[in-house]
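Position in the sequence shown (from 1) plus 771 gives the number in our numbering.
Backbone N, C-alpha and C fix where the C-beta goes; we use that ideal spot for every residue, glycine too.
These figures come from a predicted structure and were not determined experimentally.
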Amino acid sequence: MRIKTGFFCFCLLCFLNCKPAELCNAADVSNKCGILQLTKQNPNQDNSLRTPRCTTCKMFVTAISYNANLGGIVGADNKCTSDSNKPATGIYKALIVDDVNRRACTSVNCATGGVTENIDWVFSPNASYVQASNTSNVIFITDVNGVLNNNLTNLISAATGIWTGIKNNPSWDWQTDTTHTCSSWMDSVSANCGTYGVTSWNDSRSIAITSAYGNGGTLNNLLCVEQ
């Protein structure tokens with residue numbers, strides 16, 4: 772009988788000292804549970820700001836020409852940002868590819884995978900591209916894959932060579948010529964190492980001249996595209 776009474780008293784004491792369970796509020800950083808949940812967020816979640824995308828986008832050719840050692844894709848983009856021809860507003864990137872840091876297509880005109888073939892590509896799908904110096908001059912409108920396969924409506928600019936790395940097939944292609952990107956745009960020495968376009972053509976030669984390559988030391992400009 773004495774054992775049963777002691778057990779009963781022990782249970783009663785535990786009951787009187789119990790606290791109700793706290794509900795977890797992950798948004799409450801003052802709560803230990805909330806802090807714990809915040810530390811368990813998906814480590815792969817990308818919270819970085821996405822590059823804005825224009826729908827009527829300006830393009831310009833750099834005022835300065837460069838050999839093929841551009842400092843890679845990042846270096847080319849930086850040259851667009853600092854160029855005197857850049858409009859006062861907007862983010863601009865260079866139309867140039869290396870197939871690793873920037874790419875348009877892995878199939879002809881991205882016909883197989885569409886925009887999933889893009890890597891940091893400079894064109895948006897279904898967007899108009901105009902001359903920065905004359906925004907009423909629409910150069911082309913991209914398709915659903917963010918490329919084009921028709922002749923240009925207006926020329927990009929007066930005749931200027933532009934480094935691109937795009938495969939120079941006789942027609943629009945938009946695949947990277949992986950053997951002609953001048954060592955991912957870090958080579959100013961090698962012969963015939965890079966593909967280039969001439970902006971006075973109204974067809975694919977504006978992006979990639981057929982059967983011609985530039986030496987690493989050749990001076991070409993960059994085509995910069997608003998994002």
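Proximity to residue i [Cα-Cα], best of the options
i, options, result
"Arg873", "Cys881, Thr883, Asn889 and Pro858", "Asn889"
"Thr935", "Cys828, Lys864, Ser878 and Lys857", "Lys864"
"Ala983", "Val918, Pro941 and Ile910", "Pro941"
"Leu990", "Ala962, Asp891 and Pro858", "Ala962"
"Cys828", "Asp869, Val868, Ser855 and Val893", "Val893"
"Asn838", "Leu994, Gly965, Val996 and Cys995", "Gly965"
"Ile844", "Asn856, Cys881, Gly985 and Asp958", "Asp958"
Bridge-paired residues (DSSP) for residue i
i, result
"Gln902", "Met830 and Asn905"
"Gln946", "Cys876"
"Cys995", "Phe831 and Ala865"
Own chain residues within Cβ distance below 7 Å of residue i, not counting five before or after
i, result
"Val886", "Pro896, Asn916 and Gly917"
"Arg824", "Ser895 and Gln998"
"Leu794", "Any reading at Leu794 needs caution, since the residue's pLDDT is 44, under 50, leaving its predicted position unreliable; the model's value is listed next. Once the five neighbours on either side are set aside, Leu794 has no close Cβ partner at all."
Neighbourhood of residue i by C-beta, 8 Å cutoff - its chain only, sequence neighbours within 5 removed
i, result
"Ile910", "Met830, Tyr900, Val901, Gln902, Leu923, Thr924, Asn925, Leu926 and Ile927"
"Asn969", "For the record, residue 969 in the displayed sequence is Val; it is not Asn. Excluding sequence neighbours, Val969 sits near Ala930, Thr931, Gly932, Ile933, Arg976, Ser977 and Ile980."
Proximal residues to residue i (C-beta, below 6 Å), its chain only, five neighbours per side dropped
i, result
"Asp848", "Lys864 and Ala865"
"Val879", "Asp944"
Is it true that the stretch 968-982 meets the stretch 914-932, where meeting means three or more beta-carbon pairs spaced less than 8 Å apart?
Output reads yes: the stretch 914-932 touches the stretch 968-982.
In chain order, which continuous runs of the alpha helix (DSSP H) of length 4 or greater are located wholly inside the stretch 835-883?
843-853, all fully within the stretch 835-883.
Would you call the stretch 930-950 in contact with the stretch 866-885, where contact means no fewer than 3 C-beta pairs closer than 8 Å?
Flag = yes, the stretch 930-950 and the stretch 866-885 touch.
If we require 3 or more residues per run, which beta strand (DSSP E) segments fall completely within the stretch 915-980?
Unbroken beta strand (DSSP E) runs of no fewer than 3 residues, entirely contained in the stretch 915-980, are found at 932-934 and 967-969, following chain order.
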